[in-house]
Every structure is written in structure tokens, then in C-alpha cells.
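Everything below concerns the one structure shown next.
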Amino acid sequence: MVNDSIGFVPTMGFLHDGHLSLVRAALDACDRVVVSIFVNPVQFGEGEDLEAYPRDSARDRALLYDLGVDEIWCPTVEEIYPEGVDNVARIEPPREFAQILCGKDRPVHFSGVATVLERLFKKIQPTDVYFGQKDYQQTRVVDWLIQEYFSGIRLHVESTVREEDGLAMSSRNVYLTDEDRKEALHLNNALQSVLERFKEGEQDVATLERVLRECLDVPGIRIQYAEIRDSYTLEAISEVKDSAVACIAAKIGKARLIDNVLLHV
Ligand code: AMP
Numbered sequence: 000m001v002n003d004s005i006g007f008v009p010t011m012g013f014l015h016d017g018h019l020s021l022v023r024a025a026l027d028a029c030d031r032v033v034v035s036i037f038v039n040p041v042q043f044g045e046g047e048d049l050e051a052y053p054r055d056s057a058r059d060r061a062l063l064y065d066l067g068v069d070e071i072w073c074p075t076v077e078e079i080y081p082e083g084v085d086n087v088a089r090i091e092p093p094r095e096f097a098q099i100l101c102g103k104d105r106p107v108h109f110s111g112v113a114t115v116l117e118r119l120f121k122k123i124q125p126t127d128v129y130f131g132q133k134d135y136q137q138t139r140v141v142d143w144l145i146q147e148y149f150s151g152i153r154l155h156v157e158s159t160v161r162e163e164d165g166l167a168m169s170s171r172n173v174y175l176t177d178e179d180r181k182e183a184l185h186l187n188n189a190l191q192s193v194l195e196r197f198k199e200g201e202q203d204v205a206t207l208e209r210v211l212r213e214c215l216d217v218p219g220i221r222i223q224y225a226e227i228r229d230s231y232t233l234e235a236i237s238e239v240k241d242s243a244v245a246c247i248a249a250k251i252g253k254a255r256l257i258d259n260v261l262l263h264v
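Residue numbering for the sequence shown follows numbering that gives the first Met the number 0, beginning at 0 and increasing consecutively.
In C-alpha cells:
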């Protein structure tokens, strides 16, 4: 147990076991644990699902209370953005992190994430913050934010929690119809196929990306990206030398889902 440590788990609520695994990790390691629930308007672009984003504050609070969280913080939009969401001076992470992969389709997303986290971290002053590998690119942006503004905060990245059939848990899975839900399994299956080929010795990125795309070439799946990048810098690479990450984003029905797997030599 670290002395006087404050673990912080920022979420947008509608909690599932993925979120709760972060909370449990924080509870195991920290003296106090704070969880925030805030659907951050500035990380949603125009036409995205800000209004539709699922919410269930009573259930979330009950789950967190049962786990023994010390503080559940559900700020209002006005509390976080007193100047009004249209007047926010955004923190812009470097383009090489923020305008690739998810940032290509969601150009304001990561500036919105960095902006809200800077405000949440300032208020909570955590010693330790907990994020999910599921949002891999986000973890790289958070790492950058900490280096820029909060040196000393420890970043913990916890493994992706999956349903029994392999689908990564996500608040947005509620958008999936039964039919979509079956198609969505191709995401994890594609990542597992790439991991298998990699373990067999394939290190050529073009070949591994071809495997990803072939596995996702299914009616009902609209790939937004399927790429393998350096796991630290997120730069494009031609060969997996040390550690890479295979990342997918795809639209299935009304949902936009993301998933990834790490490829370590
Ligand atoms: P969100 O509420 O979607 O903003 O997510 C809050 C935190 O939970 C983020 O750090 C996510 O990466 C993490 N998270 C979301 N889904 C999962 C999952 N399936 N497994 C582990 N962590 C997750």
C-alpha cells in the first residue's frame, strides 16, 4: 500500500465490468479511490452520440458504493466548463497521437479528452490514474498529458475485459442488435488471428494488416481503420520489431466499436 495515495478512475458512466476492473485495481493499490462519472461533451464531434450516450447514474452509484469507492464525483457540465462548452480553450495533444487512428474519424475527440482530464486531474490531484487498454490510443494521450502537465502521476493501464465470447465490453454495446452483436465478434477474432500469425513468426506489418482486413471483410462491418502501429509512439511501422499494437475501429449497425491487441516480440 502506497502512503496517502489517491487512485482516480475517470469514466463516462453506464458502468460495466471493464470499468469495475479499473476501480478494483485502484482499490487494491491506493489509500483512497475517486471515480468520476461525466459524459464529456467536448470529446464528441458533431453528429456523434452525445445525446444518445447511455446513462444510468443510480445503478452506477450503487455498483461503486458496493465496491467501497471513497468518492463518486458526478460533476455537471457547468462545473467543468463554467465558460460554456463553445468557449473552451482546448488542450491539443500532438497531431501524431491525436489525428491518426480514431483521431482521423473523430478530429476533436482527443483534444476533448485531454481538456477534460486536465481539469479532472487538477481537481482530484490523484497520485495514480487508471485507464483501460481497450482505449489504447487514449492511454498514449494520457501518458503525454501526464508528462506535459502532471509529472509524478502514475498511469496504470489495465487489460481489456471481455464478454465470454470475446467481445470487448463497452457502454456502446447496448446499441448493437442481436444480429450486430454476432458481427461484432469478428473484431476480437480478427485480432486473435493476427496475434496467432505474429506468434508463428510473421513480423511484416503489411501481411499482418492484410490478415486483419480479410477477417473483417464481412457484410455488416464497415472498417474505419485496421492498422498495426508502434505501441509507444503510435507511428506507422513496416515490421514489428519490439512491441506493436494492432488496432481496429469499425461501424456495426449504429455502434462504432474499437478494439486492439498488443504484439510483443
Ligand atoms: P469510458 O466510460 O468509456 O470513458 O471508459 C472509462 C474507462 O474505462 C477508460 O479508461 C476505458 O478505457 C475503460 N474501459 C472501457 N471499456 C473497458 C474494458 N472492456 N476493459 C477495461 N477497461 C475498459
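C-beta atoms are modelled at their ideal positions from N, C-alpha and C, and glycine is treated no differently. Just so we're clear, the structure is a prediction, and the values are computed from it rather than from any experiment.
- In the structure shown, valine 260 adopts extended strand secondary structure according to DSSP, grouped into three states.
- Chain-ordered, the residues whose CB falls short of 5 Å from any heavy atom of the ligand AMP come out as Thr10, Met11, Gly17, His18, Phe130, Gly131, Lys133, Asp134, Thr159, Val160, Ala167, Met168.
- Only residues of its own chain outside the window of five on either side were considered, and among them Gly165, Val260 have a CB closer than 8 Å to the CB of glutamine 191, listed in chain order.
- For threonine 10, the enclosing beta strand (DSSP E) stretches over residues 5 to 10.
- Judged by beta-carbon spacing, valine 193 lies beyond the 8 Å limit of leucine 215, meaning their Cβ atoms are not closer than that value.
- As computed with DSSP, lysine 250 is found in a beta bridge with Arg221, Arg255.
- By the Cβ-count criterion, tyrosine 64 is exposed, with fewer than 16 other Cβ atoms from all chains shown falling within 10 Å of its own Cβ.
- If the five residues before and after valine 107 are omitted, its C-beta is found closer than 6 Å to the C-beta atoms of Gly44, all from its own chain and listed in chain order.
- Between isoleucine 220 and isoleucine 251, the CB-CB gap stays under 8 Å.
- Within its own chain, the residues whose Cβ lies closer than 8 Å to the Cβ of phenylalanine 96, once the five positions on either side in sequence are excluded, are Gly102, Phe109, Gln136, Arg139, Val140, Trp143, Leu233, listed in chain order.
- Of Glu78, Ala28, Val244, Asn187, the smallest CA-CA separation from leucine 154 is found for Ala28.
- Rounded to whole angstroms, methionine 11 and phenylalanine 37 show a C-alpha spacing of 5 Å.
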